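What follows is a set of notes on a single structure, which appears directly below.
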Amino acid sequence: MTAAPPTDGVLVDRYGRVARDLRVSLTDKCNLRCTYCMPAEGLPWLAGPQLLTDDEIVRLVRLAVRHLGVTEVRFTGGEPLIRPGLVGIVAAVAALEPRPRISLTTNGLGLDRLAPALRAAGLDRVNVSLDTLDAARFARLTRRDRLADVLAGLAGAVAAGLSPVKINTVLMRGVNDDEAPALLRFALAHGYELRFIEQMPLDAQHGWDRSTMVTAAEILAALRTGFDLSPDPARRGAAPAETWLVDGGPALVGVIGSVTRPFCGDCDRTRLTADGQVRACLFATEESDLRGALRAGADDEELARRWRTAMWGKRAGHGIDDPAFLQPARPMSAIGG
Ligand code: SAM
Ligand code: SF4
321 MTAAPPTDGV LVDRYGRVAR DLRVSLTDKC NLRCTYCMPA EGLPWLAGPQ
371 LLTDDEIVRL VRLAVRHLGV TEVRFTGGEP LIRPGLVGIV AAVAALEPRP
421 RISLTTNGLG LDRLAPALRA AGLDRVNVSL DTLDAARFAR LTRRDRLADV
471 LAGLAGAVAA GLSPVKINTV LMRGVNDDEA PALLRFALAH GYELRFIEQM
521 PLDAQHGWDR STMVTAAEIL AALRTGFDLS PDPARRGAAP AETWLVDGGP
571 ALVGVIGSVT RPFCGDCDRT RLTADGQVRA CLFATEESDL RGALRAGADD
621 EELARRWRTA MWGKRAGHGI DDPAFLQPAR PMSAIGG
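Just so we're aligned: the sequence shown equals residues 321 to 657 in this note's numbering.
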């Protein structure tokens with residue numbers, strides 16, 4: 321391994337990890353207010369001119385796919401479904417050669433209406449966030465009374481042919497940590513693939529507390545009260561979820577132990593924020609400004625050089641368990657989860 325970033329080829333870091341999976345945040349805004357993500361009043365949103373335009377996003381994704389070895393593109397936010405140009409962006413990315421796999425992480429509001437157009441544009445897969453099946457709890461947790469819309473969104477995704485349809489769930493102690501088996505039963509009944517994500521210190525209010533966080537071990541123990549779980553023999557690779565066969569399979573459940581079982585050593589992600597900053601990690605404290613360079617007239621070679629340099633500096637791990645850990649200045653909703 322050389323001591324300087326490579327001048328061509330893929331996005332490799334000094335530890336030899338190669339980033340193939342690009343997460344693109346399309347907006348920092350959202351129509352829910354999940355308590356583990358943002359405060360009730362929302363956040364100071366990025367102003368219009370700060371956001372990458374649709375064309376700028378497609379240009380940077382094209383660069384990543386053609387010249388930097390990216391093979392997976394996931395659109396997220398904030399809430400990506402509220403970005404007006406979403407369908408067009410998906411279509412433009414699906415037309416790239418080589419065609420990347422395209423996925424979306426969404427809260428599901430409006431997905432029932434948009435899923436057919438997204439599928440037709442080239443979207444392959446979708447992850448819908450759902451933390452509870454109880455309408456009153458949902459309203460408390462997201463501060464909006466929209467459970468029925470999320471359930472309609474999930475059904476709409478299946479009807480449109482998106483596959484697999486995954487559910488992302490964050491459990492919080494004393495809020496919804498009694499629902500793990502019920503959520504799995506629901507997912508199995510509808511053919512959704514459920515994945516639990518440990519709550520991370522990425523909320524704007526800095527309310528995360530390691531001592532009360534529901535751990536992967538606790539999630540697995542709760543699931544085992546209702547189901548037999550055996551390790552999925554398929555290789556995990558760079559996927560963050562540890563997957564388990566439910567009652568012998570083929571159904572699966574995943575647990576993403578970002579905090580207690582970090583997968584940083586296998587991480588293959590690179591991130592682009594809605595205002596055009598490259599981040600090597602959710603927890604990075606540095607960003608590299610591609611928007612400024614792009615608007616100053618940088619050519620693809622220069623943009624690729626900046627992106628490679630940003631990824632070269634990726635740290636070995638997120639260090640959440642390190643006493644010196646500092647939560648990044650931007651919350652999850654502004655980075656792109
Ligand atoms: N709005 C979309 C959604 O909710 O799916 C996309 C953005 S959201 C930031 C992406 C994912 O991050 C969601 O599954 C959400 O539950 C998760 N998330 C948000 N804040 C989190 C936190 N503090 N710890 C762990 N996961 C979090
Ligand atoms: Fe919005 Fe997603 Fe954050 Fe919930 S987790 S407030 S849906 S961005």
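No residue lacks a Cβ here, since even glycine has one placed at the ideal position from N, Cα and C. Remember, it's a predicted structure, so these values are computed and weren't measured experimentally.
- Taking one beta carbon from each stretch, the segment 567 to 575 and the segment 601 to 609 have fewer than 3 pairs nearer than 8 Å; the two do not touch.
- Residue burial is scored here from C-beta neighbours: HIS526 has fewer than 16 other C-beta atoms within 10 angstroms and is therefore classed as exposed.
- Nearest C-alpha to ILE487 among LEU514, LEU363, ARG464: LEU514.
- Nearest neighbour of ARG457 by Cα position, chosen from LEU491, ALA479, ALA437, turns out to be LEU491.
- The set of residues whose C-beta lies within less than 7 Å of a heavy atom of the ligand SF4 reads, in chain order, CYS350, LEU352, ARG353, CYS354, CYS357, MET358, GLY397, GLY398, GLU399, ASN427, SER449, THR462, MET652, SER653, GLY657.
- VAL344 is positioned such that its CB atom lies closer than 9 Å to that of ARG394.
- The beta strand (DSSP E) runs lying completely inside the segment 357 to 404 and spanning 3 residues or more are 392 to 396, given in chain order.
- Non-local beta-carbon contacts of PRO521 in its own chain, meaning distances under 6 Å to residues more than five positions away in sequence, involve TRP528, GLN647 in chain order.
- Under DSSP, LEU429 shares a beta bridge with no residue.
- In the structure shown, LEU549 adopts extended strand secondary structure according to DSSP, grouped into three states.
- Distance from the C-beta of PRO560 to the nearest heavy atom of the ligand SAM is not below 8 Å.
- Per DSSP, the unbroken alpha helix (DSSP H) holding ILE409 starts and ends at 406 to 414.
- Between TRP564 and LEU429, the alpha-carbon positions lie close to 29 Å from each other.
- Counting other Cβ atoms within 10 Å of its Cβ, GLN597 reaches 16 or more and is therefore classed as buried.
- Put simply, the backbone Cα of ARG334 is about 42 Å away from that of ARG463.
- Residue pairing by DSSP puts ASN447 in a beta bridge opposite THR425, LYS486.
- Contact between the segment 638 to 653 and the segment 412 to 419 is not established, with fewer than three Cβ pairs separated by less than 8 Å.
- Rounded to whole angstroms, the gap between the alpha carbons of THR391 and ALA324 is 24 Å.
- In the DSSP assignment, TRP564 forms a beta bridge with PRO551, VAL573.
- At least 9 Å separates the beta-carbon of ASP451 from that of ALA459.
- At a threshold of 8 Å, LEU522 counts as near the ligand SAM, since its beta carbon sits closer than that to one of the ligand's heavy atoms.
- Remark: the shortest separation between the CB of ILE409 and any heavy atom of the ligand SAM does not fall under 8 Å.
- The distance from the Cβ of ARG628 to that of LEU331 is about 6 Å, consistent with a contact at the 8 Å cut-off.
- In this structure, the CA atom of ASP469 is about 15 Å from the CA atom of CYS354.
- Distance between ALA541 and LEU434, taken at the CA atoms: about 37 Å.
- Two segments are said to touch when three or more pairs of C-beta atoms, one from each, lie closer than 8 Å; by this definition the segment 617 to 631 does not touch the segment 363 to 373.
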